[in-house]
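All remarks here apply to the structure that follows.
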Amino acid sequence: MAIFVTGSTGFVGRNLLEYLVQTQPRQRIVCLVRDLNKATAQWPNPPANIHWLVGDLSHPESYREVLQAAELVFHVAALVGLRDGDAFFTQNTEATRQLVDTLTPSSRLRRLVFVSSISATDRDPASPAIDCMTETFPPQPQTDYGRSKLQAEQLIRASGLPYTIMVPAYIYGPHLRADSSTERLINDLKAGKRYTRFPFPGAVSAIHVDDLSEALWLAATHPNTLNERFLISHPQPVFIVDAFATLADCLGLQHTFTPLPGSSLERYRRQKSVPAANPILRRILWEHYFACSPVKWYQATGHQPKIAFPEGVRKTLASLSKRADWFWPG
Ligand SMILES: NC(=O)c1ccc[n+]([C@@H]2O[C@H](COP(=O)([O-])OP(=O)(O)OC[C@H]3O[C@@H](n4cnc5c(N)ncnc54)[C@H](OP(=O)(O)O)[C@@H]3O)[C@@H](O)[C@H]2O)c1
Numbered sequence: 024m025a026i027f028v029t030g031s032t033g034f035v036g037r038n039l040l041e042y043l044v045q046t047q048p049r050q051r052i053v054c055l056v057r058d059l060n061k062a063t064a065q066w067p068n069p070p071a072n073i074h075w076l077v078g079d080l081s082h083p084e085s086y087r088e089v090l091q092a093a094e095l096v097f098h099v100a101a102l103v104g105l106r107d108g109d110a111f112f113t114q115n116t117e118a119t120r121q122l123v124d125t126l127t128p129s130s131r132l133r134r135l136v137f138v139s140s141i142s143a144t145d146r147d148p149a150s151p152a153i154d155c156m157t158e159t160f161p162p163q164p165q166t167d168y169g170r171s172k173l174q175a176e177q178l179i180r181a182s183g184l185p186y187t188i189m190v191p192a193y194i195y196g197p198h199l200r201a202d203s204s205t206e207r208l209i210n211d212l213k214a215g216k217r218y219t220r221f222p223f224p225g226a227v228s229a230i231h232v233d234d235l236s237e238a239l240w241l242a243a244t245h246p247n248t249l250n251e252r253f254l255i256s257h258p259q260p261v262f263i264v265d266a267f268a269t270l271a272d273c274l275g276l277q278h279t280f281t282p283l284p285g286s287s288l289e290r291y292r293r294q295k296s297v298p299a300a301n302p303i304l305r306r307i308l309w310e311h312y313f314a315c316s317p318v319k320w321y322q323a324t325g326h327q328p329k330i331a332f333p334e335g336v337r338k339t340l341a342s343l344s345k346r347a348d349w350f351w352p353g
């Protein structure tokens, strides 16, 4: 079986590749990479079944032949960020269109797994986020990133290809990007930023990348996942207060929350600087903004992400501490 992976030099793709190498040692795995040096630095002694294909999603001639020979395709690559900008449509929507168009004549494809994002579903800006998102939520992406991922989902659904669309909530774990939100939270906690010390009522769904890798493999192979779209996260959303308390505990930081009367908290909420001008980040602190339910996934596959947040944080910090530029002792 030939497996084709995009985005394997990124956070999610690199973890997926580690999972595939461990669980599918006899399958040929071809990774489309833009930067061979980056790939080989991540894999100084790659196993014999990994093959690097230097190319770019925007240049189908760089991957056409190999893609058309693939039976399982994991399309993980994207430009990621809760922001606006034309680059999201080029790198996410158009690049996916080119991949889909290149795959269409392929008769070998058994499944195209597309890693989308909870930002492609998102929330109505006018109503408070008090419930968990499900697959039946009408998508209302609030950023160009989310819109570009939703358009990519729509292209895949309309393609006639056998697909599974996976919509992960916030993902964390080893090999985080240097600018990841997890690392920003850790830095802000360490710096004692004010917003990390208040007991905000918000909650988000999250998934450890090891659980996600396992789910992506099932998405590619389980019969009940064919031509379906699933929200995927740990079943228990993480409250912001618990997230900061857990991070502080794992880092050995003395951390106490400053209780504030409701009126002060409400005043604080209206300040534009909390914690940034980004309205989505503000809603994450106050509401159950990116909370979602993975029930459809569980009912289809019987699989449930099992790494709870405290354990996942410990695994993440253990991996960060091996990085040369990591600032935290121990
Ligand atoms: N991180 C999260 O919390 C999160 C949450 C929900 C969904 N997702 C989704 O998960 C997927 C992976 O995200 P990530 O966090 O792993 O992002 P990442 O660390 O930024 O990795 C992105 C990957 O895509 C590759 N890539 C980008 N444009 C490409 C192109 N034109 N041609 C070939 N490769 C290209 C990058 O290659 P280079 O190494 O060359 O840059 C990199 O390997 C994305 O689809 C994202 O929407 C992420």
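First residue of the sequence shown: 24, per the numbering used here; consecutive thereafter. For each residue, glycine too, the CB sits at the ideal point set by N, CA and C. These figures come from a predicted structure and were not determined experimentally.
In the three-state reduction of the DSSP assignment, residue 49 falls in the coil class. Judged by their CB atoms, residue 119 and residue 181 are not nearer to each other than the 8 Å cut-off. Residue environment: residue 329 is assigned as exposed (fewer than 16 neighbouring CB atoms within 10 Å of its CB, all protein chains considered). Closest option to residue 143, judged by alpha-carbon separation, among 173, 126 and 28: 173. In this structure residue 124 is exposed. Its beta-carbon is surrounded by fewer than 16 other beta-carbon atoms within 10 angstroms. A direct Cα-Cα distance of roughly 31 Å separates residue 139 from residue 213.
Shown here for residue 225: same chain residues with a beta carbon closer than 6 Å to its own, the five before and five after excluded, namely 263, 307, 308, 309 and 310 in chain order.
Contact between residue 135 and residue 186 holds: their C-beta atoms lie close to 5 Å from each other, under 8 Å. Assignment of residue 75 by DSSP, reduced to helix, strand and coil, places it in the strand class.
Taken through DSSP and simplified to helix, strand or coil, residue 94 comes out as coil. About 14 Å separates the CB atoms of residue 99 and residue 90; that is not less than 8 Å, and the two are not in contact.
If only uninterrupted beta strand (DSSP E) runs of at least 3 residues are considered, those enclosed by the stretch 156-227 are 186-191 and 193-195. Counting of Cβ neighbours within 10 angstroms places residue 150 among the exposed residues, the total staying below 16. Counting the other Cβ atoms within 10 Å of the Cβ of residue 130 gives fewer than 16, which makes it exposed.
Minimum Cα-Cα distance from residue 70 among the listed residues 304, 57 and 53 corresponds to 53. Taking the Cα positions, residue 281 is about 42 Å away from residue 40.
Per DSSP, the unbroken alpha helix (DSSP H) holding residue 324 starts and ends at 318-324.
With respect to the C-alpha of residue 113, the residue from 318, 80 and 29 having the closest C-alpha is 80.
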